[in-house]
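**Q**
Residue numbers (my numbering), protein chains in the order written: chain A, 103 to 448; chain B, 103 to 448; chain C, 103 to 448; chain D, 103 to 448.
(1) So what's residue 266 (chain D) in DSSP terms, helix, strand or just coil?
(2) Give the DSSP-derived three-state secondary structure of residue 247 (chain C) in the structure shown.
(3) Could one say the Cβ of residue 410 (chain A) lies closer than 8 Å to chain D's Cβ atoms, at least one of them?
(4) Are any of the Cβ atoms in chain C nearer than 8 Å to that of residue 386 (chain B)?
(5) Note down the Cα distance separating residue 408 (chain B) from residue 149 (chain A), rounded to an integer number of angstroms.
(6) Whose CA, out of D:397, D:284 and D:295, lies closest to the CA of residue 362 (chain D)?
(7) Pick out whichever of C:272, C:434, C:358 and C:257 has its Cα sitting closest to the Cα of residue 330 (chain C).
(8) Give me the chain D residues within the contact set of residue 297 (chain A), using Cβ-Cβ distance strictly less than 7 Å, ordered along the chain.
(9) Specify, as a first and last residue, the run of the beta strand (DSSP E) that residue 399 (chain C) falls within.
(10) Can you list, in chain order, the residues of the segment 324-335 of chain B whose Cβ is nearer than 9 Å to any Cβ on chain C?
(11) List the whole-angstrom C-beta distance separating residue 231 (chain C) from residue 320 (chain C), where the pair is believed to meet the contact cut-off of C-beta under 8 Å.
(12) Relative to the C-alpha of residue 332 (chain B), which candidate in C:161, C:162, C:348 and C:236 has its C-alpha closest?
(13) Can you tell me which residues form a DSSP beta bridge with residue 105 (chain D)?
(14) First and last residue of the beta strand (DSSP E) that includes residue 288 (chain C)?
(15) When burial is assigned at 16 or more other CB atoms within 10 Å of the CB, is residue 415 (chain C) buried or exposed?
(16) Counting pairs of beta carbons, one from the segment 333-342 of chain D and one from the segment 271-290 of chain D, are three or more of them closer than 8 Å?
(17) Would you tell me roughly how many angstroms separate the C-alpha atoms of residue 364 (chain A) and residue 356 (chain A), rounded to the nearest one?
(18) Using a Cβ cut-off of 8 Å (strictly closer), state whether residue 345 (chain C) contacts chain B.
(19) What residue from D:435, D:328 and D:301 has the CA that sits closest to residue 387 (chain A)'s CA?
(20) Can you name, in chain order, every residue of its own chain whose Cβ lies under 7 Å from the Cβ of residue 260 (chain B), other than the five neighbours on each side?
(21) Applying the 10 Å Cβ sphere with the 16-neighbour rule, what's the burial state of residue 250 (chain B)?
(22) Counting only Cβ-Cβ distances shorter than 7 Å, please list the residues of the segment 261-293 of chain A near chain C, keeping chain order.
(23) Grab me the residues of residue 428 (chain A)'s own chain with a C-beta within less than 7 Å of its C-beta, minus the 5 sequence neighbours each way, in chain order.
(24) Report buried or exposed for residue 209 (chain C), applying the criterion of at least 16 other Cβ atoms within 10 angstroms of its Cβ.
(25) Taking a cut of 9 Å between CB atoms, which residues from the segment 119-151 of chain C lie near chain D?
(26) Helix, strand or coil for residue 143 (chain B) per DSSP?
(27) Take residue 141 (chain A) and list the residues in its own chain whose beta-carbon comes closer than 7 Å to its own, dropping the five residues that flank it on each side.
(28) Taking 8 Å as the threshold (beta carbon to beta carbon), is residue 444 (chain C) in contact with chain B?
(29) Taking Cβ-Cβ distances shorter than 9 Å, what residues in chain C pair up with residue 390 (chain B)?
(30) Can you check whether the CB of residue 424 (chain C) is closer than 8 Å to the CB of residue 391 (chain C)?
(31) Based on Cα-Cα distance, which residue from D:368, D:370, D:354 and D:265 lies nearest to residue 325 (chain D)?
(32) Cβ of residue 395 (chain C) less than 8 Å from any chain D Cβ?
(33) Does the Cβ of residue 107 (chain B) lie closer than 7 Å to at least one heavy atom of the ligand GTP?
(34) Count Cβ pairs between the segment 159-179 of chain B and the segment 109-129 of chain B that sit closer than 8 Å; are there 3 or more?
(35) Please look up how many angstroms separate the CB atoms of residue 284 (chain B) and residue 341 (chain B), rounded, as I've assumed it's under 8 Å.
(36) Under 7 Å Cβ-Cβ, which residues of chain A neighbour residue 400 (chain D)?
Rendered as structure tokens:
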């Protein structure tokens with residue numbers, strides 16, 4: 103059994119990690135970290151775990167945790183892991199970081215977008231960006247994994263084959279993304295109250311959301327040149343789910359089926375990526391609670407553009423599920439282990 | 103592997119059966135029945151099953167189905183099963199009926215509340231009422247199982263120990279129940295449109311809802327005398343979840359802990375029933391997607407009443423989950439097999 | 103023009119007061135009080151008022167406000183008004199208090215249920231309980247009005263005629279109330295976040311909610327003897343609306359129409375109370391955004407009980423609307439002025 | 103008093119017309135047309151009108167209605183009005199059509215996108231496109247008004263000044279629009295059930311939605327050349343509200359304030375259009391229930407694009423409110439009459 107610890111276990115991503123790890127046949131949760139609820143029963147905050155996870159919350163202590171666990175998940179604010187990580191810890195336990203600390207290879211880009219000094223740039227070279235479908239082999243061999251952001255996962259996987267194969271003009275990409283509210287976290291903020299979120303929608307972080315450089319960096323790797331794109335996230339009155347609607351100019355006239363061939367080249371054998379049939383629309387409800395990503399697209403001869411629609415559950419494929427998928431790879435387990443949940447509808 | 107067929111598989115309860123059976127390690131879904139979508143791909147209606155359940159919907163044919171399956175789930179309107187069941191079918195396959203056809207032992211009560219002639223009363227004596235926590239032994243040995251209603255399951259299990267032990271006056275029981283909208287089914291009705299249900303709530307079936315006699319019959323068995331009670335269901339703008347708030351006059355002055363002893367006597371070893379700690383409140387979110395039932399209570403010396411609050415996911419413990427729990431018992435499998443999902447939150 | 107000031111204007115009830123007063127032909131909002139947002143533009147917190155109410159929020163200063171306004175609405179936490187009220191203030195401006203400070207005539211009951219010392223009991227005798235349909239004449243002549251609670255308004259008006267006419271046993275009353283989340287206020291609490299409230303429901307304040315004594319006191323006045331009842335509020339995932347489902351034992355066998363006569367005796371001429379036709383159900387959506395209250399009922403010969411269902415918009419008839427209705431009475435204006443909004447659906 | 107008739111009064115747009123007209127000081131609703139509910143009390147379908155609008159629904163009879171009314175609102179499916187309109191009717195009553203029949207000047211474009219033969223092209227020349235802020239003077243003098251679509255209103259008004267002033271490349275426009283579910287109408291369809299819509303989102307009509315040519319035609323008028331653009335509507339789990347997020351390439355480097363000057367040139371005196379301050383975001387909740395439109399924008403030097411965000415209540419400014427605004431103009435009333443509702447929040 104793999105002993106797993108979660109720092110930030112009482113946030114939504116942390117709790118989703120707990121849900122998946124409790125159900126995973128090869129892991130045992132040994133540490134629920136929570137600064138806010140140290141000493142409290144984990145199941146007093148998350149009563150769904152009543153009788154299923156009987157631990158008290160512990161304060162953050164990565165040193166000690168690394169002695170008790172084989173793998174550490176950090177579902178923490180930006181900057182936390184970089185400020186405490188060291189060689190000792192990494193020599194004892196593998197780390198899967200759900201924050202942005204080790205996602206961007208270029209420190210200056212990190213510091214510019216996050217407005218934080220990076221405290222541990224020496225670990226950036228060995229950190230692996232954990233988009234399993236793209237970086238599978240490097241993931242198997244790392245001890246420090248940067249788990250991609252939710253918007254990023256959905257955006258990159260939606261566009262990767264098109265960019266990689268040169269089917270679209272990368273400078274024409276516009277990503278209009280919509281997210282459920284769990285992505286905003288469990289902090290006690292007026293803006294996230296039921297009555298503030300319900301029956302409304304809005305864009306936020308327009309032209310300056312921090313997931314932008316992460317998407318640009320990965321797509322730049324794919325096409326071998328710099329990519330600058332528009333990314334606009336929106337808040338929608340629902341709990342789980344991200345829908346990415348991406349627009350780009352096609353560099354040549356292609357049919358729906360020709361695009362399908364491009365997607366199949368990269369994703370046909372990917373269990374967690376489902377390509378939709380022609381005419382089908384990606385809807386977040388069909389992936390809810392699961393690690394699946396659905397992708398559909400439409401070519402538009404009138405405008406010469408392609409519209410790609412991708413959906414994930416932001417807490418699963420966009421956070422905890424992908425983290426477990428990465429863990430499986432890092433520990434030599436079957437990639438789908440513990441992640442076979444059928445999406446729950448309604 | 104147990105071969106399972108579902109009649110009414112494109113309703114919400116039917117789809118939930120599919121979800122649980124696809125994940126169950128000892129069953130295989132071999133038949134998705136659907137009058138409305140015969141010939142269509144099951145996953146074209148329920149795209150969450152894309153890549154997970156690749157069957158076409160078939161018309162209702164219980165005779166043929168009974169030759170191809172070991173167990174048949176009927177998630178059908180009242181009257182259907184009674185109109186087609188026969189000895190041949192039952193000799194070939196076990197039936198778990200999610201309709202009301204075989205829940206009430208008294209045909210006249212059935213015909214009065216459902217305003218239907220019962221077409222197969224000869225099978226009533228052998229049918230077993232499938233409330234696992236109460237009728238476990240009979241369930242193991244039956245071939246015709248009447249799966250309890252959603253409101254009924256939550257109401258009976260909330261009150262059973264109190265009635266059985268004579269702690270409350272059974273004639274004083276008032277059950278105020280609230281349900282998510284999936285309980286109203288997937289029929290195309292104006293009343294169930296998003297804009298009609300959202301941001302509103304209402305009582306319905308006041309003083310004449312069909313689950314009333316089912317609750318009364320089972321509680322009468324528990325206390326050995328006729329029970330007549332008030333039952334009021336409400337529609338609430340959410341998808342899954344039933345909350346029962348039940349009121350009854352205590353026959354003697356008891357403390358919270360004394361009541362706990364009574365509940366523990368019946369439920370302490372029940373995996374799927376979780377008794378809440380003093381001061382904790384039952385909330386539907388903590389059982390969503392799972393087969394758990396949470397029960398809490400408060401004694402009120404001012405009024406001499408007890409208020410009991412019970413929660414289930416109406417599609418799981420209130421329908422498909424309990425049906426699978428019954429199937430496990432009927433086929434000699436561990437009762438919890440395939441039902442260990444951690445409740446999903448948020 | 104009546105100059106109106108609002109203390110607590112950035113809470114939900116305060117903002118609803120602003121909405122109604124801005125639309126009222128005879129009032130002008132001259133003061134938006136807000137401790138949290140002092141100095142900020144009111145419309146920066148409530149952007150719906152962009153271009154419609156251009157005031158900056160001011161700190162609480164009842165003395166000064168009483169010099170600038172003719173009427174003061176206090177939508178403040180319990181204890182605030184009692185701690186600052188004095189004769190000078192009252193001599194200059196009429197006060198409509200949306201808190202509980204002057205609702206209960208018996209100080210000891212207040213102090214027991216609210217766990218607060220009452221700082222101004224000397225004003226209790228002159229305070230009038232502002233349930234317009236019942237206390238209209240006293241309201242016209244008061245300068246200190248205690249605006250009823252939301253649950254209370256809905257509960258009392260639902261049951262008043264039945265209690266007054268002796269049709270039900272007052273000791274048998276059970277009130278199961280359900281409320282939208284705006285009733286929980288705009289405080290930044292985890293429990294009220296979208297992801298915590300949505301897709302769930304729960305009871306709270308079971309057997310000890312503070313609106314209980316207020317309901318009991320008013321119904322006791324109606325029947326001339328002490329009333330002790332069960333009151334259970336529930337939180338439902340919607341924004342506005344209260345539904346009260348009340349149960350009581352009938353003291354004699356009556357038909358639906360006989361009950362209607364009793365309701366008509368008290369409410370036939372009440373503009374804001376709508377008695378539903380037989381078979382119609384009270385639904386919160388039909389009163390949303392308006393000052394109406396809908397009442398329906400069902401007699402149940404099986405149990406000898408009556409079930410009454412009443413609905414209001416908790417922010418309007420349950421708070422700001424009733425406050426304006428009271429203001430109209432106190433200033434000699436037509437009672438419906440500024441309150442003729444058609445309920446908004448969907 | 104203007105006598106108003108509504109054909110299609112039991113759809114959501116029709117009911118919103120009823121709400122606004124009942125509150126309008128100069129109109130009286132004299133006819134509630136409804137094929138589905140002919141003979142039924144209007145308030146039995148829309149119980150919010152209990153006591154406020156006591157008419158029975160009548161069958162569609164435009165001839166007769168034109169004799170009883172001064173203005174006729176048709177909130178009907180495409181093709182209906184074109185199939186029944188004639189000179190006699192128009193000579194007796196003014197018509198405000200909420201369908202698409204008279205919005206597009208080019209019959210062939212209508213027939214291509216709507217797949218319908220246009221039955222009354224002879225009236226197209228005199229029909230006026232009722233976007234008040236743009237076509238005010240023509241509206242005053244017409245007897246046949248084509249009320250714009252909901253997506254169209256929000257899209258055109260968001261972009262009109264930028265296109266008119268040549269600030270953006272019209273061929274670069276991408277409109278990503280999101281709508282609440284009331285836009286899908288009140289038809290009894292599985293796709294619009296609460297459990298199908300809630301907790302999900304999706305694009306639909308990708309690259310072929312019928313509002314596309316309407317937007318293109320109006321923006322073409324503005325810039326004097328053909329516009330071809332991408333328009334993608336999305337369904338979001340809420341009732342009211344449209345959010346348009348529009349992207350376009352700037353033809354020159356401009357600041358936020360320079361863009362503001364352009365918007366002010368066209369909208370500064372428009373009561374119903376509110377330009378947001380820099381840094382403020384358009385959110386649908388701030389216009390709910392009102393005829394306001396909020397517009398905000400952000401320039402993005404990284405990509406050379408501008409992102410414009412516009413919000414309306416689809417049933418008010420996107421349908422019934424704009425229709426009443428048009429009626430006011432057509433009858434010489436103050437444009438804001440009956441439309442001064444403060445947006446309702448929460």
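We put the CB at the ideal spot given by N, CA and C, even for glycine.
**A** Let me lay it out:
(1) As a working note, residue 266 (chain D) is residue 164 in the fourth chain. Three-state DSSP puts residue 266 (chain D) in a helix.
(2) Your numbering for residue 247 (chain C) matches position 145 in the third chain. Three-state result, residue 247 (chain C): strand.
(3) Position 308 of the first chain, counting from 1, holds the residue named residue 410 (chain A). No - not a single Cβ of chain D is within 8 Å of the one on residue 410 (chain A).
(4) Position 284 of the second chain, counted from the start, is the residue given in the question as residue 386 (chain B). It does; some Cβ of chain C falls within 8 Å.
(5) Here residue 408 (chain B) refers to the residue found at position 306 when the second chain is read from its first residue. Here residue 149 (chain A) refers to the residue found at position 47 when the first chain is read from its first residue. The alpha-carbon atoms of residue 408 (chain B) and residue 149 (chain A) are separated by roughly 23 Å.
(6) Counting from 1 along the fourth chain, the entry for residue 362 (chain D) is found at position 260. That would be D:397, whose Cα lies nearest to the Cα of residue 362 (chain D).
(7) Here residue 330 (chain C) corresponds to residue number 228 of the third chain, with the count starting at 1. Nearest C-alpha to residue 330 (chain C): C:272.
(8) In the first chain, the residue the question calls residue 297 (chain A) occupies position 195. Those within 7 Å of residue 297 (chain A) in chain D are 448.
(9) Start at 1 with the first residue of the third chain, and residue 399 (chain C) comes out as number 297. Looking at the DSSP string, the run of the beta strand (DSSP E) that includes residue 399 (chain C) is 395-402.
(10) 330, 331, 332 and 334
(11) Here residue 231 (chain C) refers to the residue found at position 129 when the third chain is read from its first residue. Here residue 320 (chain C) refers to the residue found at position 218 when the third chain is read from its first residue. About 7 Å separates the two Cβ atoms, so the contact holds.
(12) On the second chain, position 230 is the one that residue 332 (chain B) refers to. It is C:348.
(13) Position 3 of the fourth chain, counting from 1, holds the residue named residue 105 (chain D). DSSP, once it has assigned bridges, lists D:130 as partnering residue 105 (chain D).
(14) Position 186 of the third chain, counted from the first residue, corresponds to residue 288 (chain C). Element bounds for residue 288 (chain C): n/a, residue is neither H nor E.
(15) Your numbering for residue 415 (chain C) matches position 313 in the third chain. Burial call: buried.
(16) yes
(17) In the first chain, residue 364 (chain A) corresponds to position 262, counting from 1. In the first chain, residue 356 (chain A) corresponds to position 254, counting from 1. Straight-line Cα distance between these residues: approximately 11 Å.
(18) Here residue 345 (chain C) corresponds to residue number 243 of the third chain, with the count starting at 1. Yes, contact with chain B.
(19) Numbered from its first residue, the first chain carries residue 387 (chain A) at position 285. Residue 387 (chain A) has its Cα closest to that of D:301, out of D:435, D:328 and D:301.
(20) Stepping through the second chain from its first residue, residue 260 (chain B) is reached at position 158. Closer than 7 Å at Cβ, skipping near neighbours: 346, 348, 397, 410 and 412.
(21) On the second chain, position 148 is the one that residue 250 (chain B) refers to. Residue 250 (chain B) should be labelled buried.
(22) 283, 284, 288, 290, 291 and 292
(23) Residue mapping note: residue 428 (chain A) aligns to position 326 of the first chain, counting from 1. 198, 232, 234, 241, 247 and 249, listed in sequence order.
(24) Within the third chain, numbered from 1, the residue matching residue 209 (chain C) stands at position 107. Looking at its Cβ environment, which holds fewer than 16 other Cβ atoms inside 10 Å, residue 209 (chain C) is exposed.
(25) 120, 121, 122, 124, 125, 146, 148, 149, 150 and 151
(26) Residue numbering aside, residue 143 (chain B) sits at position 41 when the second chain is read from its first letter. Of the three classes helix, strand and coil, the one that applies to residue 143 (chain B) here is strand, per DSSP.
(27) By 1-based counting over the first chain, the position of residue 141 (chain A) is 39. Taken in chain order, the residues that qualify are 158 and 159.
(28) Stepping through the third chain from its first residue, residue 444 (chain C) is reached at position 342. Taking Cβ atoms only, chain B never reaches closer than 8 Å to residue 444 (chain C), which makes this a no.
(29) Along the second chain, one-based indexing puts residue 390 (chain B) at 288. Near residue 390 (chain B) (Cβ distances below 9 Å), the residues of chain C are 301 and 302.
(30) For the purposes of this step, residue 391 (chain C) is identified with residue 289 of the third chain, where counting begins at 1. For the purposes of this step, residue 424 (chain C) is identified with residue 322 of the third chain, where counting begins at 1. No.
(31) The residue given as residue 325 (chain D) occupies position 223 in the fourth chain. Ranking D:368, D:370, D:354 and D:265 by Cα distance to residue 325 (chain D) puts D:265 first.
(32) Translated into the one-based positions of the third chain, residue 395 (chain C) becomes position 293. Not one chain D Cβ lies under 8 Å of residue 395 (chain C).
(33) Ligands are entirely absent from the displayed structure, and the ligand GTP is therefore not among its contents.
(34) yes
(35) If you number the second chain from 1, residue 284 (chain B) lands on position 182. If you number the second chain from 1, residue 341 (chain B) lands on position 239. Going by Cβ atoms, the distance from residue 284 (chain B) to residue 341 (chain B) rounds to 5 Å, so yes, they are a contact pair.
(36) The residue given as residue 400 (chain D) occupies position 298 in the fourth chain. Neighbours of residue 400 (chain D) on chain A, chain order: 308 and 309.
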